Amino acid sequence: MRLSPVFALTAAILAGSLGFIPEPVGAVHRDGKADVRQYQLDNGMKILVKEDHRAPVVVSQVWYKVGSSYEHNGITGVSHVLEHMMFKGTKTLGPNEFSKIISANGGRENAFTGRDYTAYFQRMHKDRIEVSFRLEADRMRNLTLPEEEFAKEVKVVMEERRLRTEDKPTSLTYEQFSAAAYQTSPYHHPVIGWMDDLMSMENDDLKAWYERWYSPANATLVVVGDVEADKVYRLAKKHFGPLTGPAVKPVKPQREVKQRGERRIKVRAEAEVPYLLMGYKVPVLKTVEDSNEAYALEMLAGVLDGGSSARLSRELVRGKQIAVSAGAGYDMYNRIDSLFLFDGRPANGHTIEDVEKAIREQVEGVRTTLATQDELDRIKAQVVAAKVYELDSVFYQAMQIGTLETVGLDHSLLDEYVDRIRAVTPEQIQAVAKKYLVDDGLTVAVLEPLNKNQHDQLPASEKGDSNAK
Amino acid sequence: MRNNLMNSFLGLLFFVSSAHAGPTIEQWQTTNGARVFYVNAPQLPIVDVRVVFDAGSARDGDKPGLAGLTSSLLDEGTGTLGPDQVAEQFEGVGAQYGADSLRDMAVASVRSLTDKPILDKALNLFSDVVAKPGFPEKSYERNRQAMLVGLQVESKQPNSIASKTFYKQVFQGHPYSIHGAGTEASLNAMTLQDVKDFHKRYYVASNAVIAIVGAVSRSEAETMANRVSRDLAKGERAVKLATVPALEKAVNKRIQHTSQQTHILVGQPGMHRGDPDYVTLYVGNHILGGSGLVSRLSDHIREQRGLAYSAYSYFLPMREDGPFIMGLQTKNDQADEALKILNKVLNDYITKGPTADELKRSKQNITGGFALRIDSNKKITEYVAMIGFYGLPLDYLDTFNSRVEAVTLSDIKDAFKRRVHPDRLVTVMVGNGK
Numbered sequence: 320m321r322l323s324p325v326f327a328l329t330a331a332i333l334a335g336s337l338g339f340i341p342e343p344v345g346a347v348h349r350d351g352k353a354d355v356r357q358y359q360l361d362n363g364m365k366i367l368v369k370e371d372h373r374a375p376v377v378v379s380q381v382w383y384k385v386g387s388s389y390e391h392n393g394i395t396g397v398s399h400v401l402e403h404m405m406f407k408g409t410k411t412l413g414p415n416e417f418s419k420i421i422s423a424n425g426g427r428e429n430a431f432t433g434r435d436y437t438a439y440f441q442r443m444h445k446d447r448i449e450v451s452f453r454l455e456a457d458r459m460r461n462l463t464l465p466e467e468e469f470a471k472e473v474k475v476v477m478e479e480r481r482l483r484t485e486d487k488p489t490s491l492t493y494e495q496f497s498a499a500a501y502q503t504s505p506y507h508h509p510v511i512g513w514m515d516d517l518m519s520m521e522n523d524d525l526k527a528w529y530e531r532w533y534s535p536a537n538a539t540l541v542v543v544g545d546v547e548a549d550k551v552y553r554l555a556k557k558h559f560g561p562l563t564g565p566a567v568k569p570v571k572p573q574r575e576v577k578q579r580g581e582r583r584i585k586v587r588a589e590a591e592v593p594y595l596l597m598g599y600k601v602p603v604l605k606t607v608e609d610s611n612e613a614y615a616l617e618m619l620a621g622v623l624d625g626g627s628s629a630r631l632s633r634e635l636v637r638g639k640q641i642a643v644s645a646g647a648g649y650d651m652y653n654r655i656d657s658l659f660l661f662d663g664r665p666a667n668g669h670t671i672e673d674v675e676k677a678i679r680e681q682v683e684g685v686r687t688t689l690a691t692q693d694e695l696d697r698i699k700a701q702v703v704a705a706k707v708y709e710l711d712s713v714f715y716q717a718m719q720i721g722t723l724e725t726v727g728l729d730h731s732l733l734d735e736y737v738d739r740i741r742a743v744t745p746e747q748i749q750a751v752a753k754k755y756l757v758d759d760g761l762t763v764a765v766l767e768p769l770n771k772n773q774h775d776q777l778p779a780s781e782k783g784d785s786n787a788k
Numbered sequence: 003m004r005n006n007l008m009n010s011f012l013g014l015l016f017f018v019s020s021a022h023a024g025p026t027i028e029q030w031q032t033t034n035g036a037r038v039f040y041v042n043a044p045q046l047p048i049v050d051v052r053v054v055f056d057a058g059s060a061r062d063g064d065k066p067g068l069a070g071l072t073s074s075l076l077d078e079g080t081g082t083l084g085p086d087q088v089a090e091q092f093e094g095v096g097a098q099y100g101a102d103s104l105r106d107m108a109v110a111s112v113r114s115l116t117d118k119p120i121l122d123k124a125l126n127l128f129s130d131v132v133a134k135p136g137f138p139e140k141s142y143e144r145n146r147q148a149m150l151v152g153l154q155v156e157s158k159q160p161n162s163i164a165s166k167t168f169y170k171q172v173f174q175g176h177p178y179s180i181h182g183a184g185t186e187a188s189l190n191a192m193t194l195q196d197v198k199d200f201h202k203r204y205y206v207a208s209n210a211v212i213a214i215v216g217a218v219s220r221s222e223a224e225t226m227a228n229r230v231s232r233d234l235a236k237g238e239r240a241v242k243l244a245t246v247p248a249l250e251k252a253v254n255k256r257i258q259h260t261s262q263q264t265h266i267l268v269g270q271p272g273m274h275r276g277d278p279d280y281v282t283l284y285v286g287n288h289i290l291g292g293s294g295l296v297s298r299l300s301d302h303i304r305e306q307r308g309l310a311y312s313a314y315s316y317f318l319p320m321r322e323d324g325p326f327i328m329g330l331q332t333k334n335d336q337a338d339e340a341l342k343i344l345n346k347v348l349n350d351y352i353t354k355g356p357t358a359d360e361l362k363r364s365k366q367n368i369t370g371g372f373a374l375r376i377d378s379n380k381k382i383t384e385y386v387a388m389i390g391f392y393g394l395p396l397d398y399l400d401t402f403n404s405r406v407e408a409v410t411l412s413d414i415k416d417a418f419k420r421r422v423h424p425d426r427l428v429t430v431m432v433g434n435g436k
């Protein structure tokens with residue numbers, strides 16, 4: 320549920336061109352039953368519309384089923400670089416002209432790439448929606464990928480990587496942690512790609528990627544706002560309907576090999592304060608045999624970190640004052656098996672070992688004892704309220720619908736969420752804790768601050784100079 | 003394709019002329035002097051309450067970090083409840099509490115469902131937290147220590163180092179030069195009594211603005227405002243801040259840091275809320291560096307040369323002149339080149355001003371996107387609190403588009419010449435260390 324701030328930076332989503340970070344889909348969901356109208360074009364493209372007439376605005380998002388978890392070593396980061404290049408011109412538009420047109424129509428736009436999706440969006444006055452459709456339909460099939468634009472843009476992405484990862488020790492830790500936790504799963508590699516892969520990336524890699532995945536059959540259009548669903552459909556049909564594209568062969572499963580024992584890594588980096596990440600292998604809603612387990616894992620995350628009254632804040636931050644921050648999180652809407660995460664930073668006078676020990680005690684607590692009714696009631700109250708609060712953001716509503724559809728779940732699951740959460744029992748929470756929070760499936764990463772002297776003795780390659788071309 | 007797109011430009015002309023009104027804001031004072039700003043938003047069964055005190059880090063005086071520490075301690079207990087109970091009670095009704103400390107403002111906020119028992123509980127607790135925080139010794143010490151850890155973390159972050167240095171140089175001794183995170187020395191010298199005194203002086207009704215937005219009637223909002231302010235002392239408004247002095251000369255600070263990128267910040271004192279040049283400088287900056295990928299800075303630095311992921315500029319208007327900031331980050335060996343281009347773009351802009359086409363497009367973006375500024379209760383609440391806090395006219399949003407439309411090329415050129423001085427810029431570069 321609630322995670323320490325670092326996850327906001329390092330989690331599965333990489334915002335696109337403007338540095339915009341969309342809210343990740345959290346643990347709580349709108350009710351709004353049967354509000355989403357669904358259509359499909361002959362070319363396979365899906366259209367989902369939710370009317371929301373509070374303000375004369377609309378958000379339009381095109382989601383593609385492709386992201387870093389579709390990539391293999393050697394081309395990591397290609398989905399994200401391609402996302403950048405989607406603004407660099409089509410057969411009829413010059414580089415950056417897309418953005419200029421949206422801007423001059425009063426729009427806000429961007430794109431984001433995650434492990435399981437690449438998505439493009441515009442927020443506009445409701446009268447402008449056709450501009451969005453026309454431009455998105457154009458770049459779905461008519462991208463030109465000019466060589467000289469690619470050469471500049473891949474450098475922009477390297478700067479993005481330096482900004483978000485190379486110079487951020489907690490992000491570096493998260494990246495190395497994921498690479499250690501996942502061995503055969505494509506969640507192994509970072510969304511932005513390894514620097515070495517970015518340096519050797521070629522425009523042809525992008526061309527192949529675009530040909531393979533940017534087809535109407537692999538896309539979902541999500542529209543939320545002050546619109547009429549049938550009109551949106553007709554307009555979408557006009558612009559996206561004529562597009563043709565290849566049928567898309569599903570990506571190979573690349574299931575994670577069974578973990579057979581705890582793994583530990585150290586990340587030594589220029590930092591002042593140590594940082595801890597722990598992750599246990601868990602299934603997600605898409606992969607789990609009994610879906611109750613996924614909802615029980617959500618509740619487990621709530622018991623540990625569903626707000627300031629939950630156990631980690633209460634006991635580690637306030638009570639024993641071992642950590643300045645401590646978080647737990649689970650995202651059941653991933654496409655493939657994932658991790659139940661913990662993170663923390665020690666308070667003054669405490670070590671990273673103290674934090675790990677305290678988190679392990681919390682894990683032991685949920686494995687051996689039942690959550691109290693008070694705890695469950697508080698989480699449920701928050702879930703019910705948050706479901707209403709979410710309706711204040713058309714963007715967030717669209718994000719949720721798009722995420723579910725793109726990982727292969729039915730968006731109507733959003734309607735069930737509150738009832739499914741309400742139905743979770745303390746016994747079910749304990750059962751998933753016992754089953755999944757086990758050492759054999761655990762990976763631990765510690766960010767170890769590098770003091771100045773040690774740093775000076777490192778070879779140049781470890782100082783990051785190797786990234787210079 | 004292009005022709006069709008041109009048609010949508012033409013369509014925009016009609017679209018822009020249909021004026022957009024902002025929300026209807028009602029205003030009154032509680033009996034003890036808190037200023038209340040209320041918007042009825044009946045569509046969703048929720049309400050947002052945002053209380054803003056003139057109690058940001060500009061009021062830290064010789065104790066940097068005091069405003070931030072005070073703000074962080076509000077929900078650590080009331081006279082009768084401990085920190086765990088406060089958290090339990092907010093979360094037990096699904097209410098979302100928040101507190102923030104900026105340079106001008108100390109903000110406390112709560113969002114709740116409007117079901118009466120829920121709202122009553124959330125609002126009573128919120129009111130107690132704001133007016134009668136318990137300030138337990140244990141919480142004080144923990145949060146003070148947490149701020150010290152925060153300083154350690156920031157000490158290795160090139161963006162934090164750059165920002166702190168920039169504000170220090172731009173605001174030379176003015177209260178805006180204070181960084182809200184404090185310093186190790188000031189946090190070590192601080193006492194719990196300092197926090198209590200700060201709260202007593204600044205968290206008072208005369209110094210407060212209460213914004214209420216949601217599905218509550220005017221009379222319900224009056225009751226809510228009275229509840230929030232009931233236990234606040236009348237007190238006095240904070241004294242007027244000193245005017246921000248102009249810089250007398252250029253300042254260059256290069257700080258060695260072991261990051262791969264150099265973070266560059268360039269700027270000077272800019273403008274304030276209610277500034278006569280506000281709209282002109284806002285529109286002018288939109289073209290220069292405030293419109294994302296289509297701005298001049300982004301075009302020259304990112305689009306044309308691939309030098310940075312983000313290159314931007316903005317004015318941050320505050321009670322007194324806030325900063326004008328241009329910024330980018332680029333790998334160390336490109337930093338000098340990028341800085342040169344940044345300065346050249348600014349100089350060209352001041353000398354020649356924008357083109358007619360640029361101005362037209364920026365106006366289209368700003369006015370055409372007006373509805374997006376106020377498309378949620380959350381955004382409306384922030385606007386209303388801002389309007390109230392800075393004493394802007396209640397029709398600020400209603401007249402926004404027409405004021406933007408009225409800006410001319412020569413207005414922008416004139417305002418930038420008068421207000422931005424390329425010979426007196428603060429330039430901060432952090433990076434390139436061994």
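Those sequence lines, one after another, are chains C and R.
Under this note's numbering, residues 320 to 788 are what the first sequence spells out, in order.
Under this note's numbering, residues 3 to 436 are what the second sequence spells out, in order.
In this text, a Cβ means the ideal position worked out from N, Cα and C, and glycines have one as well.
In this text, all values refer to a predicted model and were calculated from it rather than measured experimentally.
Nearest neighbour of residue i, chosen from the options [CA to CA]
{"i": "PHE661/C", "options": "VAL685/C, ARG654/C, ILE678/C", "result": "ILE678/C"}
{"i": "ASN209/R", "options": "GLY35/R, MET388/R, GLU407/R, VAL172/R", "result": "GLY35/R"}
{"i": "GLU294/C", "options": "GLY386/C, ARG583/C, SER398/C", "result": "Only positions 320 to 788 of chain C appear in the structure, and residue 294/C is not among them; the question remains open."}
{"i": "GLU139/R", "options": "GLY81/R, PRO271/R, PRO25/R", "result": "GLY81/R"}
{"i": "GLY136/R", "options": "GLN366/R, GLU305/R, GLY84/R", "result": "GLY84/R"}
{"i": "ALA373/R", "options": "ASN392/C, ASP446/C, GLU675/C, ILE366/C", "result": "ASP446/C"}
{"i": "LYS526/C", "options": "HIS558/C, PHE417/C, ILE394/C, LYS487/C", "result": "ILE394/C"}
{"i": "ASN145/R", "options": "ALA642/C, LYS407/C, LEU604/C, ALA548/C", "result": "ALA642/C"}
Test: residue i CB closer than 8 Å to a CB of chain R
{"i": "HIS669/C", "result": "no"}
{"i": "SER712/C", "result": "yes"}
{"i": "GLU591/C", "result": "yes"}
{"i": "VAL543/C", "result": "no"}
{"i": "ASN791/C", "result": "Since the first residue shown for chain C is 320 and the last is 788, residue 791/C is missing from the structure and cannot be characterised."}
Which of helix, strand or coil DSSP assigns to residue i
{"i": "PRO177/R", "result": "helix"}
{"i": "SER103/R", "result": "strand"}
{"i": "THR762/C", "result": "strand"}
{"i": "MET618/C", "result": "helix"}
{"i": "PRO665/C", "result": "strand"}
{"i": "ILE366/C", "result": "strand"}
{"i": "GLY269/R", "result": "strand"}
{"i": "LYS436/R", "result": "coil"}
{"i": "ILE511/C", "result": "coil"}
Sub-8 Å separation of residue i and residue j beta-carbons
{"i": "ARG405/R", "j": "VAL281/R", "result": "yes"}
{"i": "GLN716/C", "j": "GLY626/C", "result": "no"}
{"i": "THR606/C", "j": "TRP382/C", "result": "no"}
{"i": "GLY435/R", "j": "THR193/R", "result": "no"}
{"i": "GLY390/R", "j": "ARG37/R", "result": "yes"}
{"i": "ILE382/R", "j": "PRO25/R", "result": "yes"}
Per-residue burial, residue i [other beta carbons within 10 Å of its own, 16 or more giving buried]
{"i": "HIS508/C", "result": "buried"}
{"i": "ALA124/R", "result": "buried"}
{"i": "SER219/R", "result": "exposed"}
{"i": "PRO271/R", "result": "buried"}
{"i": "ASP759/C", "result": "exposed"}
{"i": "ASP77/R", "result": "buried"}
Contact with chain C by residue i, beta-carbon distance below 8 Å
{"i": "ARG52/R", "result": "no"}
{"i": "LYS419/R", "result": "no"}
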